[in-house]
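These protein sequence lines are chains W and U, in that order.
Residue 1011 is where the first sequence starts when you use the numbering used here, and the numbers rise one by one after that.
Residue 1011 is where the second sequence starts when you use the numbering used here, and the numbers rise one by one after that.
We treat Cβ as the ideally placed atom computed from N, Cα and C, and that holds for glycine.
Predicted model, so just to flag it, every value in this text is computed and none were measured.
This report concerns only the one structure given below.
Protein chains: 2
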Amino acid sequence: MHVPTYSDVKTASEIVHRFAHQTPVLTSESLNRITGAELYFKCENFQKGGAFKFRGAINAVMSLSNETAAKGVATHSSGNHGAALALAARKRSIAAHVVMPDNAPDIKKKAVAGYGAEIIFCTPTLETRESALAEVIARAGATEIHPYDNFAVIAGQGSAAKELLEEVDDLNLVLAPVGGGGLLAGTALSVHHLAPSAATIGCEPEGADDAYRSFHKGEIVPSTNPRTIADGLLTSLGERNFAIIREKVDQIVTVSETSIIEAMRMVWERMKIVIEPSAAVPLGAILEGKLAARNQKVGIIVSGGNLDLENLPF
Amino acid sequence: MHVPTYSDVKTASEIVHRFAHQTPVLTSESLNRITGAELYFKCENFQKGGAFKFRGAINAVMSLSNETAAKGVATHSSGNHGAALALAARKRSIAAHVVMPDNAPDIKKKAVAGYGAEIIFCTPTLETRESALAEVIARAGATEIHPYDNFAVIAGQGSAAKELLEEVDDLNLVLAPVGGGGLLAGTALSVHHLAPSAATIGCEPEGADDAYRSFHKGEIVPSTNPRTIADGLLTSLGERNFAIIREKVDQIVTVSETSIIEAMRMVWERMKIVIEPSAAVPLGAILEGKLAARNQKVGIIVSGGNLDLENLPF
Chain W
1011 MHVPTYSDVK TASEIVHRFA HQTPVLTSES LNRITGAELY FKCENFQKGG
1061 AFKFRGAINA VMSLSNETAA KGVATHSSGN HGAALALAAR KRSIAAHVVM
1111 PDNAPDIKKK AVAGYGAEII FCTPTLETRE SALAEVIARA GATEIHPYDN
1161 FAVIAGQGSA AKELLEEVDD LNLVLAPVGG GGLLAGTALS VHHLAPSAAT
1211 IGCEPEGADD AYRSFHKGEI VPSTNPRTIA DGLLTSLGER NFAIIREKVD
1261 QIVTVSETSI IEAMRMVWER MKIVIEPSAA VPLGAILEGK LAARNQKVGI
1311 IVSGGNLDLE NLPF
Chain U
1011 MHVPTYSDVK TASEIVHRFA HQTPVLTSES LNRITGAELY FKCENFQKGG
1061 AFKFRGAINA VMSLSNETAA KGVATHSSGN HGAALALAAR KRSIAAHVVM
1111 PDNAPDIKKK AVAGYGAEII FCTPTLETRE SALAEVIARA GATEIHPYDN
1161 FAVIAGQGSA AKELLEEVDD LNLVLAPVGG GGLLAGTALS VHHLAPSAAT
1211 IGCEPEGADD AYRSFHKGEI VPSTNPRTIA DGLLTSLGER NFAIIREKVD
1261 QIVTVSETSI IEAMRMVWER MKIVIEPSAA VPLGAILEGK LAARNQKVGI
1311 IVSGGNLDLE NLPF
């Protein structure tokens, strides 16, 4: 298994830097007061496509040879990765084929279509999704870009923490949400190299705690019947992601739905920025006291800001 | 009547600069594409207290003599000015007395109380409000700081446009919402001086179009029974505000409720920032085609981001 290291994050960062936003790091006096910590929010909700996913997607797309790229890229995604890959493909003027469950939210379908990708709808089961993806790959010769279990994707996601650590010195903790593990693994690579004394902590909803259980069992425990408002964090860990997480992540903590919603609301009200539930999980962990954050300098990767405004939890 | 000029804005800016945030100017590729204009959003939703109001309040509070300041400040406000004045008074360690209608939203009451001001509740009529204010002024010897019809407040509000114009060159239009006229008058002073070829345009809800009617009639037409979701824009124009607006504002346009809500939603979804309905009125005017904004460089003062998340229009 071919797993990226920090040097791959560094190479990826050069590509990411050319196409993605260097997102701002925001602070909030009132959230510092409430938590007793010094919080630095790396705002990937302001990233192109509204989430960190564009970093990995653009790195994956730009890393292909001309010959391979010409045949297009393909993926399955019900969320931000599909839109990010569509946007990345457009930047290279190649085709993107995105397999989506037919019950995906309209807003996600519109985003993918709006970036010019071909959408292949399937029923929302693993089997039909995989056969639909295999079919389009066979038909077009497209290269599959997995949402997280992909070398170039993980390396690209690590660029967010790299930027954060280059901007803010002496962080004690760096927090990222964990779903498939692309963001957390990439973050861990950067933290481990650039701030070796800082701890990397994965933050996961209680109702989708497969990464927590995998971390403690030492092998991947699949996500079965996850239940959480954090719709970006439903999937099981990828192989490459777990290999990095086992080795370089210090802790995984779980967070209740109440704390996720409270954190999301607090960020909207106090910081006046729109973040999605998945992005609120790290602050939720602090509010819930799952972390010794008091008097610490804490970096938080705010993963994205895409959500349906007509279906808010408050 | 003593009315500020640009030189007062300049003096105020030095005070504002010491205590307030220099808020960011944000752009959005997708909103530029949708509107065909080049938009620059001066984000006062990120200002202390969540609105531009802190600029005027801090200038007014810091401009008082020590002797006068020691007796405290007072105002009536159901909205952002009360919180801003409370916060400004705390910065000078003096008392603030805020008369609020007893039906004001809980979130506003909490904000004012949270900044340590004394709240005097009254029934929501002009008469009881004025008598309650007169009573506290007589009792404490406090100085009244009117929310908009106040020399130092207008000068302070002008600092937002000053910062915008110093950061972005060659704007063709500068847009601000208009309620009592503090922000619009201050903006006009800065635009008139710093970018004389640019037009200053006031943007007002159709359902509270007293500034539009005042502007065309040449005298203040009171706001009677206003109906709009833009709860910061319900009041009549102040005398000082109107004197400046008559002379230095180029146009006032009115905007439908549908366009205000559409604009607010678009900013939340595309820019991932939380703005209040009043702050969405200028973009609403552009979306509605009330302005010749196509191919123009347009500055927009985003007035604030305070609103009740449990009571959203979408």
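When only Cα atoms are considered, residue 1322 (chain W) and residue 1011 (chain W) end up about 41 Å apart. Put simply, the CB of residue 1064 (chain W) is far from chain U, with every gap to its CB atoms at 7 Å or more. Among the residues of chain U, those whose CB is under 9 Å from the CB of residue 1282 (chain W) are 1053, 1055, 1056, 1060, 1283, 1284, 1285, 1314, 1315, 1316, following chain order. The DSSP-derived three-state label of residue 1314 (chain W) is strand. DSSP places residue 1086 (chain U) in the uninterrupted beta strand (DSSP E) bounded by 1083 to 1086. In its chain, beyond the 5 residues on either side, 1090, 1091, 1094 have a beta carbon closer than 6 Å to the beta carbon of residue 1063 (chain W). For residue 1050 (chain U), DSSP records a beta bridge to U:1309. Within 10 angstroms of the beta-carbon of residue 1139 (chain W) lie 16 or more other beta-carbons, which makes it buried. In this chain, the beta strand (DSSP E) harbouring residue 1106 (chain W) covers 1106 to 1111. The residue among U:1066, U:1277, U:1055 with its C-alpha nearest the C-alpha of residue 1163 (chain U) is U:1066. Sequence-distant partners of residue 1200 (chain W) (beyond 5 residues in either direction) whose C-beta falls short of 7 Å from its own C-beta, in its chain, are 1016, 1019, 1168, 1171, 1172, 1175. For residue 1147 (chain U), the enclosing alpha helix (DSSP H) has its first and last residue at 1136 to 1150.
In this structure, the beta-carbon distance from residue 1240 (chain W) to residue 1287 (chain W) falls below 7 Å. Burial of residue 1069 (chain U) is indicated by the presence of at least 16 other C-beta atoms within 10 angstroms of its C-beta. Going by DSSP, residue 1187 (chain U) is part of the beta strand (DSSP E) stretching over 1183 to 1187.
Annotated three-state conformation of residue 1243 (chain U) is coil, per DSSP.
Looking at the DSSP output, residue 1265 (chain W) bridges to W:1215. Classified as exposed, residue 1268 (chain W) has fewer than 16 neighbouring CB atoms from the shown chains inside 10 Å of its CB. DSSP places residue 1153 (chain U) within a strand segment (E or B) once states are collapsed to three. Non-local beta-carbon contacts of residue 1051 (chain U) in its own chain, meaning distances under 6 Å to residues more than five positions away in sequence, involve 1036, 1310, 1312 in chain order. Close to residue 1275 (chain U), with beta-carbon spacing below 9 Å, are these residues of chain W in chain order: 1319.
About 14 Å separates the CB atoms of residue 1290 (chain U) and residue 1263 (chain U); that is not less than 8 Å, and the two are not in contact. In this model, residue 1113 (chain U) and residue 1135 (chain U) are separated by some 11 Å (Cα to Cα). Listed along chain W, the residues sitting closer than 7 Å to residue 1324 (chain U) by beta-carbon distance are 1319, 1320.
If you look at residue 1161 (chain U), you'll find it in the alpha helix (DSSP H) that goes 1161 to 1177.
The count of Cβ pairs closer than 8 Å, one atom from the stretch 1176 to 1192 of chain W and one from the stretch 1240 to 1259 of chain W, reaches three, so the stretches are in contact. If you ignore the 5 residues before and after residue 1233 (chain W), its C-beta comes within less than 7 Å of the C-beta of 1218, 1220, 1244, 1245, 1246, all in its own chain and listed in chain order. Taking a C-beta distance under 7 Å as the contact criterion, residue 1013 (chain W) and residue 1253 (chain W) qualify as a contact pair.
The alpha-carbon of residue 1185 (chain W) is positioned some 8 Å away from that of residue 1194 (chain W). Residue 1128 (chain U) has U:1107 as its beta-bridge partners, per DSSP. Per the Cβ contact rule, the stretch 1273 to 1283 of chain U is not in contact with the stretch 1020 to 1030 of chain U (fewer than 3 Cβ pairs under 8 Å).
The three-state reading of DSSP puts residue 1061 (chain W) in strand, counting E and B together. Assigned with DSSP and collapsed to three states, residue 1074 (chain W) falls in coil, not helix or strand. Collapsing the DSSP output to three states places residue 1285 (chain U) in coil. Between residue 1182 (chain W) and residue 1307 (chain W) the beta-carbon gap is near 5 Å, inside 8 Å, which marks them as a contact.
Close to residue 1272 (chain U), with beta-carbon spacing below 7 Å, lies no residue of chain W; the smallest spacing is near 12 Å.
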